[in-house]
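Here the protein sequences come in this chain order: Y and V.
In terms of the UniProt record's numbering, the first sequence opens at residue 1 and continues consecutively.
In terms of the UniProt record's numbering, the second sequence opens at residue 1 and continues consecutively.
Here a beta-carbon is modelled for each residue, glycine too, at the ideal position from N, C-alpha and C.
This one's a predicted model, so the numbers in the text were calculated from it and none came from an experiment.
Number of protein chains: 2
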Amino acid sequence: MEFSSKLIEKAVNEMSQLPGIGKRTALRLVLHILKQPKEQAAFLAQALVTMREEIKYCNSCHNISDSEVCEICANEKRNHQIICVVEDIRDVMAIENTGQFRGIYHVLGGKISPIDGVGPSQLTINSLVEKVKLGQVSEIIFALSSTMEGDTTNFYIYKQIADLSIIVSTIARGIAVGDELEYADEVTLGRSILQRVPFEKSLKSN
Amino acid sequence: MEFSSKLIEKAVNEMSQLPGIGKRTALRLVLHILKQPKEQAAFLAQALVTMREEIKYCNSCHNISDSEVCEICANEKRNHQIICVVEDIRDVMAIENTGQFRGIYHVLGGKISPIDGVGPSQLTINSLVEKVKLGQVSEIIFALSSTMEGDTTNFYIYKQIADLSIIVSTIARGIAVGDELEYADEVTLGRSILQRVPFEKSLKSN
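This is the structure in structure tokens:
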């Protein structure tokens with residue numbers, strides 16, 4: 001792409017560093033910013049820089065938070081004995097949205113992925129294992145995505161806490177509520193049969 | 001969406017002002033920025049602000065440019081008698097990419113669109129009409145997209161220059177090179193028959 005302006009070119013190049021934003025999309029976004037008042041560009045820029053500079057992580061669960069301890073970890077009414085292990089803040093938001101979980105979280109910050117150069121030391125796995133060893137935890141629920149990286153990460157953590165007397169569970173995989181069986185993939189359908197639940201139990205879950 | 005951090009919330013809100021970026025995508029982009037070094041966020045922010053503050057437009061064709069007169073308008077080798085009327089810099093880039101046009105451009109900055117609150121006075125139509133009236137122009141080529149807004153804009157300009165002795169043309173519409181007829185829409189196929197060109201002429205165009 002040849003630009004008639006170095007300023008545009010630079011802005012497009014920076015924008016297209018973002019995931020899923022190609023040069024064309026970046027140009028569209030940049031041209032939109034050009035049509036807006038100057039303050040708009042300044043607000044966007046300021047919000048990004050301030051966020052990046054001042055962001056904090058909860059001391060306990062490592063979720064993004066504006067205080068030392070996040071609202072969920074600070075909430076006395078939550079069950080601090082049950083810890084749901086997730087990848088990032090999006091998973092916390094998704095599970096919180098269901099209103100079905102009253103425990104607390106542990107945010108790993110990613111999954112073990114040798115291809116992307118992410119090893120266990122870059123994640124908050126040690127902090128989780130320490131927490132479990134203190135003996136205040138009764139159950140760990142793995143809620144990572146069921147990819148090879150997710151399974152690897154689950155297993156890596158599991159090996160370190162398997163000897164401790166806690167329950168280790170993983171969220172149920174199966175056909176999504178409302179989905180038709182004929183369109184489901186074989187692995188999911190197979191798993192939903194193997195891990196079938198008593199009918200009475202399924203009635204209570206809504 | 002409920003965020004555990006006001007900083008994240010603000011950044012996501014600003015990002016999701018951009019066209020085609022919803023809250024979910026904005027969150028994905030923002031989390032990506034969080035994982036990058038601080039400088040990366042600063043570079044992006046700076047590029048956007050600098051661009052918005054210092055951007056210039058060519059005095060002649062109104063295209064985005066880093067100088068008073070853009071490279072195309074300043075190029076003596078281009079045919080200044082033929083003006084291609086386009087909507088924005090993307091169209092200039094697309095036509096320049098073909099290497100088939102040796103005239104100059106006139107960038108309108110948009111199309112007349114009452115729904116979006118864009119009237120003729122917000123576009124550079126007057127400047128184009130003035131240019132034509134000076135008598136140095138032999139042909140105007142409309143290259144706006146063939147939507148209702150594009151057609152309206154073409155017609156609005158045409159009315160003001162129809163009395164002047166210049167050629168007014170529009171880019172050819174038809175079946176794209178390489179496309180199969182059976183998948184073409186009726187309007188395009190119909191037009192490509194009505195506006196058929198002599199076979200010998202079609203041989204030269206590549």
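Query - Own chain residues within Cβ distance below 8 angstroms of S145 (chain Y), not counting five before or after - result: E87, K111
Report task. Could you please give the first and the last residue of the uninterrupted beta strand (DSSP E) stretch that includes T170 (chain Y)? Result -> 167 to 170
Query - Cross-chain neighbours of L29 (chain V) in chain Y, by beta carbon under 9 angstroms - result: L18, P19, G20, I21
Report task. Report the rounded CA-to-CA distance for G174 (chain Y) versus G119 (chain Y), giving the unit in angstroms. Result -> 29 angstroms
Requested in this report: Assign T147 (chain V) to one of two classes, buried (16 or more other C-beta atoms within 10 Å of its C-beta) or exposed (fewer than that).
Outcome: exposed
Query raised in the report: Going by Cα to Cα distance, which pick from V:T170, V:C84, V:N97 is closest to L62 (chain V)?
Result: In the sequence as displayed, the identity of residue 62 (chain V) is His instead of Leu. Looking at the Cα atoms, V:C84 is the closest of the given residues.
**Report entry** Span separating the alpha-carbon of T152 (chain Y) from that of N13 (chain V)
**Finding:** 35 angstroms
Query raised in the report: If you draw a straight line from the C-alpha of L181 (chain Y) to the C-alpha of E54 (chain Y), how long is it?
Result: 47 angstroms
Query - Delimiting residues of the beta strand (DSSP E) encompassing I104 (chain Y) - result: 103 to 107
Report task. Compare the C-beta of C61 (chain V) against all C-beta atoms of chain Y and say whether one is closer than 7 angstroms. Result -> no
Report task. Locate the alpha helix (DSSP H) running through V30 (chain Y), then write down its first and last residues. Result -> 23 to 35
Report task. Could you please give me the residues that DSSP links to S65 (chain Y) through a beta bridge? Result -> Y:K56
Report task. Mind checking which residues open and close the beta strand (DSSP E) that includes F142 (chain V)? Result -> 139 to 142
Query raised in the report: Should E186 (chain Y) be listed as close to the ligand SAM, given that the test is whether its C-beta is under 6 angstroms from any heavy atom?
Result: Absence of the ligand SAM is noted for the structure shown, with no ligands found whatsoever.
**Report entry** Reduced DSSP category for Q81 (chain V) - H, G, I as helix; E, B as strand; rest coil
**Finding:** strand
Query raised in the report: DSSP beta-bridge partners for V86 (chain Y)?
Result: Y:V107
**Report entry** Beta-carbon contacts of I33 (chain V) that lie in its chain and below 6 angstroms, excluding the five residues immediately before and after
**Finding:** A41
Requested in this report: For H106 (chain Y), collect the residues of the same chain with a Cβ closer than 6 angstroms to its Cβ; drop the 5 residues on either side in sequence, then sort them by chain order.
Outcome: C61, I83, V85, L128
Query raised in the report: Can you list, in chain order, the residues of the stretch 84 to 100 of chain Y whose Cβ is nearer than 9 angstroms to any Cβ on chain V?
Result: D88, I89, R90, V92, M93, E96, N97
Query raised in the report: Can you tell me where the alpha helix (DSSP H) with D151 (chain V) in it begins and where it stops?
Result: 148 to 161
Query raised in the report: Going by C-alpha distance, which of Y:Q81, Y:G109, Y:G190 is nearest V137 (chain Y)?
Result: Y:Q81
Query raised in the report: Between the stretch 37 to 49 of chain Y and chain V, which residues of the former have CB atoms less than 8 angstroms from a CB of the latter, in chain order?
Result: K38, Q40, A41, A42, F43, L44, A45, Q46, A47, L48, V49
Report task. May I have the straight-line CA-CA distance separating A26 (chain Y) from S192 (chain Y), to the nearest angstrom? Result -> 42 angstroms
Query raised in the report: Out of curiosity, what's the CA-to-CA distance linking P37 (chain Y) and S5 (chain V)?
Result: 27 angstroms
Query raised in the report: Does any residue of chain C bring its CB to less than 7 angstroms from the CB of S145 (chain V)?
Result: In the structure shown, chain C does not exist; the protein chains are Y and V.
**Report entry** Among V:I161, V:R24, V:L29, V:Q122, the one whose alpha carbon lies nearest that of L134 (chain V)
**Finding:** V:I161
Report task. Mind checking the stretch 138 to 172 of chain V against chain Y and listing, in chain order, the residues whose C-beta falls within less than 9 angstroms of any C-beta there? Result -> none
Query raised in the report: Who are the near neighbours of S65 (chain V) in its chain, counting only those whose CB is closer than 6 angstroms to its CB and skipping five residues on each side?
Result: K56, C58
**Report entry** V168 (chain Y) to M51 (chain Y) span [Cα, whole Å]
**Finding:** 35 angstroms
Query raised in the report: Cα separation between G99 (chain V) and E76 (chain V)?
Result: 17 angstroms
Query raised in the report: What does I33 (chain V) touch in chain Y if you count any residue whose Cβ is under 8 angstroms from its own?
Result: L18, L48, M51, R52
**Report entry** Per DSSP, the bridge partner or partners of S113 (chain Y)
**Finding:** Y:V118
Query raised in the report: Expressed to the nearest angstrom, what Euclidean distance is found between the alpha-carbon atoms of I141 (chain Y) and Y158 (chain Y)?
Result: 11 angstroms
Requested in this report: Have a look at Y:D163, Y:S67, Y:S202 and flag the residue whose alpha-carbon is nearest the alpha-carbon of S177 (chain Y).
Outcome: For the sequence presented, residue 177 (chain Y) should be read as Val rather than Ser. Of Y:D163, Y:S67, Y:S202, the residue nearest in Cα terms is Y:S202.
**Report entry** Reduced DSSP secondary structure (H/G/I, E/B, other) of A176 (chain V)
**Finding:** coil
Query raised in the report: Would I115 (chain Y) be called buried (16 or more neighbouring beta carbons within 10 Å of its own) or exposed?
Result: exposed
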